[in-house]
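Position 120 of the sequence shown, counted from 1, bears residue number 119 in numbering that gives the first Met the number 0, the numbering being contiguous throughout.
Worksheet: one structure, shown below.
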Amino acid sequence: MSKKRIRRFLIVTALLIPLILYLVVMFVLPETEEEARKVLIIIILIISSIFDIREQKVPLLVCTAILGINIMHAVFVMFNLTSWIISIVLSAILLTVYVINKDLIGLGDIILVALCVQSLLPGDTLKFLFLTFAFSTFYGLIKCIKAKSVKNIAVPLSPCIALAFILLIH
């Protein structure tokens, strides 16, 4: 088996396990569903952060895993229409930014931000966005100072998204 296939298998396995765990917890231990959902999304965001730092990409499987958890939560536990509408509107705004300048934000980052918004309370959306972009700005400034240049500086957004999500999840 090639390294690429082994790697792909490990990624798929690492992201399917949280989905299966969430499904089991949701039906077997419903009183711990909320905590399990938060922990599993954080684990998936950490996986995403590692990939974003190493390869400057957010794997689609990461987004799919969070979407799967969000859909299961909406169908079986609680559907929060406001969070989903905010997520869609935010996606449209960020996609517009992406179309105008593809160097500002990646598609994976847009999807990840939108999915995290679905997982938060509607009142936390602006705080989440502020923290995410504040962390990315701070990290970008540090990279610019280290590089002694402002050109060709790429900031992985997934770690900033993960940190903002962790701070706001309650």
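Yeah, the Cβ is synthetic: ideal placement off N, Cα and C, and Gly gets one too.
Reduced DSSP category for residue i - H, G, I as helix; E, B as strand; rest coil
i	result
I72	One detail in the question is off: residue 72 reads as His in this sequence, not Ile. H72: helix per DSSP, three-state reduction.
L119	coil
L156	coil
P58	coil
V107	Per the sequence presented here, residue 107 reads as Gly, with Val not at that position. In this structure, G107 counts as helix in the three-state DSSP scheme.
V38	helix
K145	helix
S1	coil
I168	coil
D102	coil
K126	helix
M25	helix
F78	coil
Among the options, the one whose alpha carbon lies nearest that of residue i
i	options	result
F137	L125, H169 and A153	A153
I87	E30, C115, E32 and N100	C115
C159	F127, S118 and T131	T131
V76	S157, T31 and S48	T31
D123	V96, D51, I165 and S148	I165
V57	K37, G67, L44 and I168	L44
P121	F78, G107, L59 and I68	F78
A113	A73, F127, E33 and I10	F127
L168	V38, G107 and K150	Just to set this straight, residue 168 is Ile in the shown sequence, not Leu. Of the candidates V38, G107 and K150, the one whose C-alpha sits nearest the C-alpha of I168 is V38.
L22	I68, V11 and V98	I68
P155	T63, R4, F50 and L18	F50
A13	L60, L103, V74 and I110	L60
D215	K150, L9, F26 and R7	Within the shown structure, residues of the chain are numbered from 0 to 169, placing residue 215 beyond reach of any answer.
E34	I46, S47 and L20	L20
Exposed unless 16 or more other CB atoms sit within 10 angstroms - verdict on residue i
i	result
V24	buried
L140	exposed
R53	exposed
S157	buried
S1	exposed
A161	buried
S148	exposed
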